[in-house]
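Below is one structure, written out as structure tokens; comments come after it.
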Amino acid sequence: MKAKQGVIEILNKILTADLTAINQYFVHAKMCSNWGYDRLHHHVRQRSFDEMKDAEELIEHILYLEGVPNLQRMNTVHVGETVAEQFKADLKAEQEMLSLLSEGVVHCTKVGDFTTRHMFEDMVKDVDQHIDWIETQMETIKQVGLEMYLAEQIKKES
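Written out as structure tokens, the structure reads:
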């Protein structure tokens, strides 16, 4: 199936953001593991894997639309040197992804590509959930303090 005008470009922009997020979350997870924050490590690592699944879906969809997935491009990976910095960097990445997906929804509606629009809408729900999780972690740190928060991250969830 041939893609409608501009759809492959948008899909590749979102793929670039996903590939960047995979690396950012993966390094953050490894850092959390190194610091002994097992619970946080597992959550962030899973997020990296979720982004890989999204990238796979994007690649398959680009190929379905007879386009070429651009895997050679990546944005800057922002590595937080503390857990708080990691949350800020990850929140920014998710907010940027939300913006890209929203632009994609509008464009796909305009050109009549409802399959891609639906895929973007599903991705928006996932991004919204992750933004909510990050904001909750940041608010918890504000309320209980960083030390108490990090103490809870040492043990893996049962």
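Residue numbers for the sequence shown follow the numbering used here, so the first one is 1 and each next one is one higher.
In this text, a Cβ means the ideal position worked out from N, Cα and C, and glycines have one as well.
These figures come from a predicted structure and were not determined experimentally.
Check: In terms of residues, what are the limits of the alpha helix (DSSP H) holding Ile154?; Outcome: It is not in any alpha helix (DSSP H) - Ile154 carries neither H nor E in the DSSP assignment.
Check: Find the nearest neighbour of Ile10 within the set Glu103, Leu63, His41, Cys32, judged by alpha-carbon distance.; Outcome: Glu103
Check: Can you have a look at Phe49 and say buried or exposed, based on whether 16 or more other CB atoms are within 10 angstroms of its CB?; Outcome: exposed
Check: In this structure, how does DSSP classify Gln137 when only helix, strand and coil are distinguished?; Outcome: helix
Check: Please classify Ile134 as buried or exposed, where buried requires at least 16 neighbouring CB atoms within 10 angstroms.; Outcome: buried
Check: Would the stretch 34-46 and the stretch 12-22 be scored as touching if the rule is three or more Cβ pairs under 8 Å?; Outcome: no
Check: Any chance you could list the alpha helix (DSSP H) runs of at least 4 consecutive residues sitting entirely within the stretch 17-78, in chain order?; Outcome: 38-64
Check: Return the CA-CA distance between Gly36 and Ala29, expressed in angstroms with no decimal places.; Outcome: 11 Å
Check: Can you tell me which of the three DSSP states Glu94 falls into?; Outcome: helix
Check: When the Cα atoms are used, what is the spatial distance from Gln153 to Leu146?; Outcome: 11 Å
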